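>
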Amino acid sequence: MPLEQRVITPQKIGGPKPATSIKPVKEEAVAAEEPAKRPRGRRALAVVGALVVVALLGAGAAWWWLGRDSEPAPPPPPEPGEVMQIDPISINLANGRYLRLGLGLQLTADAGGHGAGPDASIALDHAISLYSGRDISEVADPVTREELKQTLAEQLEHAYHGEVMDVYLREFVYQ
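According to the numbering used here, the sequence shown holds residues 992 to 1166 in order.
1) Can you tell me where the alpha helix (DSSP H) holding Pro-1079 begins and where it ends?
2) I'd like the list of long-range same chain contacts for Leu-1143, defined as Cβ closer than 7 Å, with 5 residues on each side in sequence excluded.
3) Return the residue from the list Val-1164, Thr-1135, Gly-1124, Ala-1102 that minimises the CA-CA distance to Tyr-1151.
4) Please confirm whether Glu-1147 and Ala-1114 have their CB atoms less than 8 Å apart.
5) To the nearest angstrom, how far is it from the Cα of Tyr-1089 to the Cα of Ser-1128?
6) Note down the Cα distance separating Ala-1053 from Val-1038, rounded to an integer number of angstroms.
7) Classify Glu-1154 as buried or exposed, calling it buried when 16 or more other Cβ atoms lie within 10 Å of its own Cβ.
8) Excluding five sequence neighbours on each side, which residues of the same chain lie with their C-beta closer than 8 Å to the C-beta of Ala-1027?
9) Can the beta-carbon of Ser-1112 be found less than 8 Å from the beta-carbon of Ile-1082?
10) Using alpha carbons as the reference points, say which of Gly-1095, Gly-1072, Ala-1085, Arg-1034 lies closest to Lys-1140.
11) Please go through the same chain and pick out, in chain order, the residues whose beta-carbon is closer than 6 Å to the beta-carbon of Glu-1174, but skip the five residues on each side of it.
12) Residues in the same chain with beta-carbon distance under 6 Å from Gln-1076, minus the five sequence neighbours each way, listed in chain order, please.
13) So Leu-1092 is in the beta strand (DSSP E); what residue range does that whole segment cover?
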């Protein structure tokens, strides 16, 4: 006696065909395909995840050893421009003595870009403030003279906003 086989379909007899057709699938084929697909997806995900972790660790290590300790490079020193000559002036020292002081200001190459050079009265004001009232022994000592010159150069660099690089003593006569 033959075995009956029942087919269950969503379609009614004589009705329209469904949009998708159902194909009978053997259970053995389904069981064999699913385990094969899942490990591949998991394996690929694990490989991609491992590569991302290795790349992040490599980038972090490169930053740690190469970029962390490096400081930004200091700006290059400005290029020297012209030397501005300042006419000599007489400055009163202590005990009725005086100092005749003539200055030369070493300007940067981009100083005075507005058409005229820096105002000399600022340099004269700082020189008078620094040298006036000093004892003749301070002014006559070469070490102290160099210290005073460096102090004046620092004051003028600040006063001229970096346009003055150095100060030269063109005339230095004391009496």
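Think of the CB as a built atom: it goes at the ideal place given N, C-alpha and C, for glycine as much as any other residue.
All values derive from a computational prediction rather than experimental measurement.
Inspection of the coordinates gives the following:
1) Run containing Pro-1079: none in the alpha helix (DSSP H); it sits in the beta strand (DSSP E), 1071-1083.
2) His-1117, Ala-1118, Leu-1121, Val-1158
3) Ala-1102
4) The sequence shown places Leu at residue 1147, not Glu. Yes, they are a contact pair.
5) 12 Å
6) 22 Å
7) buried
8) Unreliable positioning characterises Ala-1027 in this predicted model, as indicated by a pLDDT of 49, which lies under 50. The coordinate reading is nonetheless provided below. Taken in chain order, the list of residues that qualify is empty.
9) no
10) Gly-1095
11) One cannot answer for residue 1174 here, as it falls past the ends of the chain, which runs 992 to 1166.
12) Gly-1095
13) 1089-1099
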